[in-house]
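Down below is the structure, laid out as structure tokens.
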Amino acid sequence: MLQINKIILREIRLTLVEPFQISSGTSSERRIFILEFRNPDGIIGWSECVAGGNPNYSPETIDTCWLAIEKWFAHRVLGREFSSPEEIFPALEEDIRGHNMAKAAIEMGAWELAARIKQIPLARLIGGTRDQIATGISLGIQESPAVLVEKARLCLGLGYRKIKMKIKPGKDIEYVAAARDALGPDAPLMADANNAYSLDDIDHLRQLDQFGLMMIEQPLAWDDVVKHATLQKQLKTPICLDESITSPSKAEDMAALGSGQIINIKPGRVGGFAQSIAIHDFCQGHSIPVWCGGMLESGIGRAHNVALASLPNFVLPGDVSPSRRYWQRDIVIPEWTMDNTGMVKVPLDKPGMGVEVDVDWIENLTVRMETLTA
0 MLQINKIILR EIRLTLVEPF QISSGTSSER RIFILEFRNP DGIIGWSECV
50 AGGNPNYSPE TIDTCWLAIE KWFAHRVLGR EFSSPEEIFP ALEEDIRGHN
100 MAKAAIEMGA WELAARIKQI PLARLIGGTR DQIATGISLG IQESPAVLVE
150 KARLCLGLGY RKIKMKIKPG KDIEYVAAAR DALGPDAPLM ADANNAYSLD
200 DIDHLRQLDQ FGLMMIEQPL AWDDVVKHAT LQKQLKTPIC LDESITSPSK
250 AEDMAALGSG QIINIKPGRV GGFAQSIAIH DFCQGHSIPV WCGGMLESGI
300 GRAHNVALAS LPNFVLPGDV SPSRRYWQRD IVIPEWTMDN TGMVKVPLDK
350 PGMGVEVDVD WIENLTVRME TLTA
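Position 84 of the sequence shown, counted from 1, bears residue number 83 in numbering that gives the first Met the number 0, the numbering being contiguous throughout.
This is the structure we're talking about:
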């Protein structure tokens, strides 16, 4: 049985190694929401709420998630007995719409705790089949095409298997062209627009077809699947949907409408592991490749992403870069690393997420804390 009798909420602050810019803004410091789960026997599990400080990617923020967990979600699981973590999401979903990131923080922590109770790796508990995963990197919008080329070339030299270039109007075609020209026709390049365009930009976006990109991610509105179908019919480049896919039913809509050809599954965005697995399974059955995106997570969130990306239909490199890509010092031991062929090892020799939390370091970083009990 799975029982949670205490949840400890913490907000910490980590400074990024370098500012990260997307079409909707720039981040230099990350507010990070960490959750610690304890069962009656004192076994501890961890999760991370991936919401940001501002509602520029999702309507949710760290503060709305904290409130939602404190007010609605924690007490739906505290003190209850569940036969398996699959029962957690339905308990959180009943009569409460939205708040996927808050739900995911609870649900994924329950899965991690269950894996530690069972003394098995989290990846195996959720159905993972790989012992290593291919890794890509996400490059924020750069100050010039030359700087983008320099950074992309460095990343390819380090072994990264996919280079994601953030773009926005005015910093797109010229930048992508420079990268393709400099890195050659076989370099694994893609573009991510973070919903910076509209259907008025079809002719402009068509110019991306000449560069042989793996995909263009979420070019249109964050909640759209209909207009993306119109755009995909006009593009040779595959569209990958990210923000628009918030549930298995949205993935089904994409497939039915032809709104895209690839899905980026972020477990926090869709409500946790159970929802992610359902999307994965649907896509696998319909020959839609998926990959796991990142949300500037600490090593805890990255651990959950690595476990998810070990499922069989995650056939494209995910945004699961090593700890040192983002942080001078991560909050897990050992920190996440990548070999020189762009592969990250799935930790299958330890129970749970496969890394331990540096509790002393977290205590030093904590700016807010609350303990919730049954």
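Cβ atoms here follow ideal geometry from the backbone N, Cα and C, with glycine treated the same way.
Here the structure is a predicted model, which is why all the values come from computation and not from measurement.
Own chain, CB closer than 6 Å to N304, minus 5 neighbours either side, in chain order: C291, V319
Does the distance from the C-beta atom of A220 to that of L182 stay below 8 Å? no
Exposure label - S57; buried when at least 16 CB within 10 Å: buried
Spatially closest choice to L364 from I3, T14, S46, by CA coordinates: T14
Excluding five sequence neighbours on each side, which residues of the same chain lie with their C-beta closer than 8 Å to the C-beta of L138? L147, K150, A151, C154, I162, K163, M164, K165
Below 6 Å CB to CB, which residues in the same chain sit around G293 once its five sequence neighbours on both sides are set aside? D318
For P350, count the other beta carbons within 10 Å of its own beta carbon; 16 or more makes it buried, fewer makes it exposed. Which is it? buried
For the alpha helix (DSSP H) that L66 lies in, which residues bound it at each end? 61 to 67
In terms of residue numbering, what span does the beta strand (DSSP E) encompassing E47 cover? 43 to 48
At 4 residues or longer, what runs of the alpha helix (DSSP H) sit wholly inside the stretch 89 to 148? 99 to 117, 121 to 124
Taking 8 Å as the cut-off, decide whether the C-beta atoms of Q231 and R205 are in contact. no
Go through its chain and collect everything with a Cβ distance to D223's Cβ below 7 Å, but skip five positions before and after it. S243
Check the C-beta distance from A103 over to I3 and give it rounded, since I have them as a contact under 8 Å. The pair is not a contact, with the Cβ atoms about 15 Å apart (cut-off 8 Å).
Quick one: what does DSSP say F161 is sitting in, helix, strand or coil? Looking at the sequence provided, one finds Lys at residue 161 rather than Phe. K161 falls in the coil class under three-state DSSP.
Give me, in chain order, the residues of the same chain whose beta-carbon lies closer than 6 Å to that of I278; leave out the 5 immediate sequence neighbours on both sides. P247, A250, I264
DSSP state of V314, grouped into three classes? coil
Three or more beta-carbon pairs under 8 Å between the stretch 67 to 79 and the stretch 122 to 140, yes or no? no
DSSP three-state call for K235: helix, strand or coil? coil
Can you give, in chain order, each stretch of the alpha helix (DSSP H) that sits fully within the stretch 240 to 304 and has at least 4 residues? 247 to 256, 266 to 269, 272 to 284
Going residue by residue through the stretch 156 to 229, where are the continuous alpha helix (DSSP H) segments of at least 4 residues, counting only ones entirely within it? 172 to 182, 201 to 205
In the DSSP output, what is S57 paired with across the bridge? DSSP lists no partner for S57.
Residues near M189 by beta carbon distance below 6 Å, same chain, minus five either side: K163, L212, M213, M214
Since E369 is in the beta strand (DSSP E), which residue starts that stretch and which ends it? 365 to 372
Taking C-alpha atoms, which residue in R96, Q131, D252 lies nearest to L347? Q131
For L347, name the three-state secondary structure that DSSP assigns. coil
Below 8 Å on the Cβ atoms is my contact criterion, and I expect K5 with T372 to pass it. Report the Cβ-Cβ distance as a whole number of Å. 5 Å
Cα-Cα separation, A114 to P120: 6 Å
Other residues of its chain near D252: CB distance less than 8 Å, five sequence neighbours each side excluded: V224, S258
Segment contact flag, the stretch 42 to 60 with the stretch 75 to 92, C-beta cutoff 8 Å, min 3 pairs: no
Within its chain, find whatever has a CB closer than 7 Å to the CB of N38; leave out the 5 residues flanking it on each side and keep chain order. Q2, I3, N4, L112, I116
Classify G41: buried if its beta carbon has 16 or more other beta carbons within 10 angstroms, exposed otherwise. exposed
Alpha-carbon to alpha-carbon, T370 and I287: 42 Å
H98: buried (16+ other C-beta within 10 angstroms of its C-beta) or exposed? buried
Kindly give me the distance between the Cβ atoms of I11 and I31, rounded to whole angstroms, as I take these residues to be in contact under 8 Å. 5 Å
Look at L307 and F272 and say whether their C-beta atoms are less than 8 Å apart. yes
Exposure label - P89; buried when at least 16 CB within 10 Å: exposed
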